[in-house]
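Residue numbers (the UniProt record's numbering): 1 to 251.
Glycine residues also receive a C-beta, built at the ideal position from the N, C-alpha and C atoms.
Just so we're clear, the structure is a prediction, and the values are computed from it rather than from any experiment.
So the structure is just underneath, and the comments pick up after that.
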Amino acid sequence: MAERDSAPGGGAPLVAFLTGAGISTDSGIPDYRGPQGVWRKDPEAEKLVTYDHYMTDPDVRRRSWLMRGESPVWRARPNAAHEAVARLEAAGVPVRVITQNVDGLHQAAGVPARKVLELHGNARSVVCTECGARSTMADALERVAAGEEDPDCLACGGILKSATVMFGQALDPKVLGEAMAVARACEIFYAVGTSLQVQPAASLAGLAAEHGAQLVVVNAEPTPYDALADEVVRDPIGTALPRLLARHMTA
Numbered sequence: 001m002a003e004r005d006s007a008p009g010g011g012a013p014l015v016a017f018l019t020g021a022g023i024s025t026d027s028g029i030p031d032y033r034g035p036q037g038v039w040r041k042d043p044e045a046e047k048l049v050t051y052d053h054y055m056t057d058p059d060v061r062r063r064s065w066l067m068r069g070e071s072p073v074w075r076a077r078p079n080a081a082h083e084a085v086a087r088l089e090a091a092g093v094p095v096r097v098i099t100q101n102v103d104g105l106h107q108a109a110g111v112p113a114r115k116v117l118e119l120h121g122n123a124r125s126v127v128c129t130e131c132g133a134r135s136t137m138a139d140a141l142e143r144v145a146a147g148e149e150d151p152d153c154l155a156c157g158g159i160l161k162s163a164t165v166m167f168g169q170a171l172d173p174k175v176l177g178e179a180m181a182v183a184r185a186c187e188i189f190y191a192v193g194t195s196l197q198v199q200p201a202a203s204l205a206g207l208a209a210e211h212g213a214q215l216v217v218v219n220a221e222p223t224p225y226d227a228l229a230d231e232v233v234r235d236p237i238g239t240a241l242p243r244l245l246a247r248h249m250t251a
């Protein structure tokens, strides 16, 4: 492995996490590609979060708003895995979380928002695809509940969508750049609950390994990066991650 870069700002070694849908399944939010995943059960559901379908088909948008209103995200609470990461950060260990999730559960568990990079945005906000105006998802869903099947932007009349990155959209280059810097700088990189199939997020695991980080994959199913990993854990995330992170607390 290549020599590892220094942690941002120097100081103690950095522990980084790349988290995917699997870390939130214990909170009642189903994953996408697992055996019980959303796409396995309803392949058509993928259209609801695909940008081209969303922008060109009003029926897809109507169904998307219904899906958002029924999302388990609104009643989800952090689980033992989220709490383990938050405890590690609270103990003074330098931690950065790079998440593919849009549920905000890392922040709800207590990880400071400034230490969480949301690669795919956040489901609790809405953005206009025309003028860029932002508002809350709660406000948009109130309009849907009042009878607006496909609410438009109150500022310009443009199409509204959740402030998340849909399939077919590029990641925010600033957020991705910060995530790459974390991957290059960390001493340990945990890939947790992610299939490591979606690029460019998945490549962060390889980038960390190339720069000398210890790579730990915690996922029920095999990933394309298992061969690079120093440790692969298949145990349930809710029990495995607290156990794995406890060793940093006593180091």
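Over the uninterrupted alpha helix (DSSP H) stretch that includes S64, give me the two end residues.
The residue given as residue 64 occupies position 64 in the sequence shown. Counting along the chain, the alpha helix (DSSP H) containing S64 begins and ends at P58 to G69.
For D26: DSSP bridge partner residues:
Residue 26 sits at position 26 when you count from the first residue of the sequence shown. Its beta-bridge partners do not exist; DSSP assigns none.
Mind checking whether C186 and A155 have CB atoms under 9 Å apart?
On the sequence shown, position 186 is the one that residue 186 refers to. On the sequence shown, position 155 is the one that residue 155 refers to. No, these two residues do not count as a Cβ contact at 9 Å.
As a quick exercise: from I188, G20, P13 and A12, pick the residue whose alpha carbon is nearest that of A220.
Residue 220 sits at position 220 when you count from the first residue of the sequence shown. Nearest option by C-alpha distance: G20.
In the DSSP assignment, what residue or residues form a beta bridge with residue 286?
Lying outside 1 to 251, the shown extent of the chain, residue 286 is not represented and no answer is given.
For F167, which residues of its own chain have a beta-carbon under 8 Å away from its beta-carbon, when the five flanking residues on both sides are left out?
Reading the sequence shown from its first residue, position 167 is the one you call residue 167. Correct list, in chain order: E46, V49, T50 and Y51.
Would you list, in sequence order, the uninterrupted alpha helix (DSSP H) runs of no fewer than 4 residues that lie entirely inside the stretch 113-164?
137-145
Does the structure place the stretch 214-228 close enough to the stretch 194-202 that three or more beta carbon pairs sit under 8 Å?
yes
Measuring CA to CA, which of H248, I29 and R68 is closest to A138?
Counting from one through the sequence shown, the residue named residue 138 turns up at place 138. The shortest C-alpha separation from A138 is found at R68.
Should P78 and L105 be called a contact, given that it needs their Cβ atoms to be closer than 9 Å?
For this step, residue 78 is matched to residue 78 along the sequence shown. For this step, residue 105 is matched to residue 105 along the sequence shown. Their beta carbons are under 9 Å apart, which means P78 touches L105 by this criterion.
Using 8 Å as the cut-off, can you tell me whether the stretch 142-151 makes contact with the stretch 96-111, which would need three or more C-beta pairs spanning the two stretches below that distance?
no
Start and end of the alpha helix (DSSP H) containing L245?
Looking up residue 245 in the sequence shown gives position 245. Note, L245: alpha helix (DSSP H), I237 to M249.
Suppose you measure from the CA of E149 to the CA of R62; what does that come to, to the nearest Å?
The residue labelled residue 149 in the question sits at position 149 within the sequence shown. The residue labelled residue 62 in the question sits at position 62 within the sequence shown. Spanning the two alpha carbons is a distance of roughly 5 Å.
Have a look at A2 and K161 and give me their C-alpha separation to the nearest angstrom.
Here residue 2 corresponds to residue number 2 of the sequence shown, with the count starting at 1. Here residue 161 corresponds to residue number 161 of the sequence shown, with the count starting at 1. Low per-residue confidence applies at A2: pLDDT is 37, beneath 50, and the placement is therefore not dependable, though the value from the model is reported in the following sentence. If I take the Cα positions, the gap works out to 42 Å.
Is A183 near A81, with beta carbons less than 9 Å apart?
Position 183 of the sequence shown holds residue 183. Position 81 of the sequence shown holds residue 81. No, the pair does not count as a contact, with Cβ atoms beyond the cut-off.
Is it a yes or a no for the stretch 208-220 touching the stretch 115-129, going by three-plus beta-carbon pairs under 8 Å?
no
Taking its Cβ as the centre, do 16 or more other Cβ atoms sit within 10 Å of A131, making it buried, or is it exposed?
Translated into positions along the sequence shown, residue 131 becomes position 131. According to the sequence displayed, residue 131 carries Cys and not Ala. So C131 counts as exposed.
Which listed residue (P242, W65, V232 and L18) has its alpha carbon closest to that of A146
Looking up residue 146 in the sequence shown gives position 146. Considering only alpha carbons, the answer is W65.
Closest Cα partner of T136 within the set G110, V116 and A163
Taking the sequence shown and counting its residues from 1, the one referred to as residue 136 is at position 136. Closest by alpha carbon: A163.
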